[in-house]
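J.:
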Amino acid sequence: SDALLNMPFDVNGSNENTTNIKDYTSYGNNGTAQNGVRWNASCGAFTGSGGCYWFEGINDTIRIVNGFTNTIKGDDTHTISMRLKPDSYNNVESTSPIFFSTSDSKYYLQSSGGNSILWGTGLGSGSNYRSYTFNMPVGIWSNLVIVKQGAGNVGSLYYNGTLMSYTNTSGGLNSTQDANMDFCLGAYACTSGYTWNGSIDQFMVWNRSLSASEIAMLYSRGVNDRVHSDATERGETWMACLTAFTSTTEG
6 SDALLNMPFD
16 VNGSNENTTN
26 IKDYTSYGNN
36 GTAQNGVRWN
46 ASCGAFTGSG
56 GCYWFEGIND
66 TIRIVNGFTN
76 TIKGDDTHTI
86 SMRLKPDSYN
96 NVESTSPIFF
106 STSDSKYYLQ
116 SSGGNSILWG
126 TGLGSGSNYR
136 SYTFNMPVGI
146 WSNLVIVKQG
156 AGNVGSLYYN
166 GTLMSYTNTS
176 GGLNSTQDAN
186 MDFCLGAYAC
196 TSGYTWNGSI
206 DQFMVWNRSL
216 SASEIAMLYS
226 RGVNDRVHSD
236 ATERGETWMA
246 CLTAFTSTTE
256 G
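Quick note, my numbering runs 5 ahead of the 1-based positions in the sequence shown.
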């Protein structure tokens, strides 16, 4: 499978364990709900969507132990997608982390004041990053997709299926670090302080750079339930793994 992590958040935890958040790929990159992050059974992120997780903006997070290590460590061709609905941008310095690695600023995506998105890679505080200026409105679901397409300052960000322009800051993107780290949704490096206030749905990571057509299809359909022709080659064999579930239990 080209999907390294797939968290649709349609179930409250996994098999009645509400703190365990299941990764539906074969890699088992499961997450843990920490500090009161809450599951919402009906979020309306897109037509036919199920649940999502709500972050109150204090110190709650979803921590994916070794999430960075097991997915994009040292890899400069990957894609990360998620659905977001901010409730407010009233955090310290209006910095709202969407996801971070556990080490300071080595890989992150954050909203700054609701009118720009920062995508950062690099070493330590003040790492290399890009700034994308656009409005991600409060109370509205949006789709963000970041695509790393090579070493160094090579990558693309899509907002609701549209490729966005950027401004380089501190040299733009760096190569993806070859380091062992967790992923943290909704909190700066899995700590309190800078936090996300709002909902997150459909968090996914792929081991390749998705095409613009694949990203447009992902946005328009809402869920990764089809394989685009850009992902296939003649003679390949593809298989599907289906999981039946209720709001608390998988089949």
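All C-beta atoms in this analysis are idealised placements derived from N, C-alpha and C, irrespective of residue type, glycine included.
Under 7 Å Cβ to Cβ from N133, same chain only, skipping five residues before and after it: list those, please.
T.: Numbered from 1 along the sequence shown, position 128 holds the residue referred to as residue 133. Excluding positions up to five away in sequence, the list reads G125, T126, G127, S175, G176, G177, L178 and N179.
J.: Can you look up L341 in the DSSP assignment and give me helix, strand or coil?
T.: No answer is possible for residue 341: the residues shown for the chain start at 6 and end at 256.
J.: Just verifying my parser: in three-state terms, what is the DSSP assignment at A46?
T.: Residue mapping note: residue 46 aligns to position 41 of the sequence shown, counting from 1. In this structure, A46 counts as coil in the three-state DSSP scheme.
J.: Kindly list the residues whose CB is nearer than 8 Å to the CB of T30, restricted to its own chain and excluding five residues on each side of it in sequence; keep chain order.
T.: Residue 30 sits at position 25 when you count from the first residue of the sequence shown. Answer for T30: S6, A8, L9, L10 and N11, listed in chain order.
J.: If we call anything under 8 Å between Cβ atoms a contact, is S106 one with F188?
T.: Within the sequence shown, the letter at position 101 stands for residue 106. Within the sequence shown, the letter at position 183 stands for residue 188. Their beta carbons are under 8 Å apart, which means S106 touches F188 by this criterion.
J.: May I ask you to verify whether the stretch 149 to 167 touches the stretch 66 to 81, counting CB pairs closer than 8 Å and requiring at least 3?
T.: Taking 8 Å as the limit for Cβ pairs, the verdict is that the stretch 66 to 81 does touch the stretch 149 to 167.
J.: Nearest to Y199 by alpha carbon, out of K111, F60, P102 and W211?
T.: For the purposes of this step, residue 199 is taken as residue 194 along the sequence shown, with counting starting at 1. Among K111, F60, P102 and W211, the Cα nearest to that of Y199 is on P102.
J.: Roughly how many whole angstroms lie between the Cα atoms of G41 and D65?
T.: Here residue 41 refers to the residue found at position 36 of the sequence shown. Here residue 65 refers to the residue found at position 60 of the sequence shown. Cα to Cα, G41 sits roughly 6 Å from D65.
J.: My assumption, with CB atoms under 8 Å, is that L190 sits in contact with I67. Please give the rounded CB distance.
T.: Taking the sequence shown and counting its residues from 1, the one referred to as residue 190 is at position 185. Taking the sequence shown and counting its residues from 1, the one referred to as residue 67 is at position 62. The pair is a contact, with the Cβ atoms about 4 Å apart (cut-off 8 Å).
J.: Among residues of its own chain, excluding the 5 on either side of S121, which ones have a beta-carbon nearer than 8 Å to its beta-carbon?
T.: Numbered from its first residue, the sequence shown carries residue 121 at position 116. So the list reads S136, Y137, T138 and F139, once near-sequence residues are dropped.
J.: For W59, tell me which candidate among L215, L89 and N34 has the shortest Cα-Cα distance.
T.: Taking the first residue of the sequence shown as position 1, residue 59 is located at position 54. Per the Cα distances, L89.
J.: Would you report the Cα separation of S19 and A46, rounded to the nearest angstrom?
T.: As a first step, residue 19 is located in the sequence shown; it is residue number 14 there, counting from the start. As a first step, residue 46 is located in the sequence shown; it is residue number 41 there, counting from the start. Using only the alpha carbons, I get a separation of about 14 Å.
J.: Report buried or exposed for E219, applying the criterion of at least 16 other Cβ atoms within 10 angstroms of its Cβ.
T.: Stepping through the sequence shown from its first residue, residue 219 is reached at position 214. E219 should be labelled buried.
J.: Starting from A38, follow its DSSP beta bridges and name the residues at the other end.
T.: Here residue 38 refers to the residue found at position 33 when the sequence shown is read from its first residue. I67.
J.: Going by the CB atoms, is the gap between M186 and F1 shorter than 8 Å?
T.: Residue 1 is absent from the structure shown; the chain starts at 6 and stops at 256.
J.: Return the first residue and the last residue of the beta strand (DSSP E) that G203 is part of.
T.: Within the sequence shown, the letter at position 198 stands for residue 203. Segment N202 to W211, the beta strand (DSSP E) holding G203.
J.: Just to confirm, is the Cβ distance from K153 to S214 under 8 Å?
T.: Indexing the sequence shown from 1 puts residue 153 at position 148. Indexing the sequence shown from 1 puts residue 214 at position 209. In this structure, S214 lies closer than 8 Å to K153 by Cβ.
J.: What number of angstroms, rounded off, separates the C-alpha of G144 from the C-alpha of N35?
T.: Along the sequence shown, read from residue 1 onward, the residue named residue 144 stands at position 139. Along the sequence shown, read from residue 1 onward, the residue named residue 35 stands at position 30. Those two C-alpha atoms are separated by around 28 Å.
J.: Bridge partners of Q115, per DSSP?
T.: Within the sequence shown, the letter at position 110 stands for residue 115. Beta-bridge pairing links Q115 to P102 and L123.
J.: Using the three-state DSSP reduction, which class does Y193 fall into: helix, strand or coil?
T.: In the sequence shown, residue 193 corresponds to position 188, counting from 1. The answer is helix: DSSP assigns Y193 an H, G or I state.
J.: Might you give, ordered along the chain, the residues of its own chain that have their beta carbon closer than 6 Å to the beta carbon of Y193, omitting 5 neighbours on each side?
T.: Reading the sequence shown from its first residue, position 188 is the one you call residue 193. Excluding residues within five positions, the ones whose Cβ falls inside 6 Å are P102, F105 and Y199.
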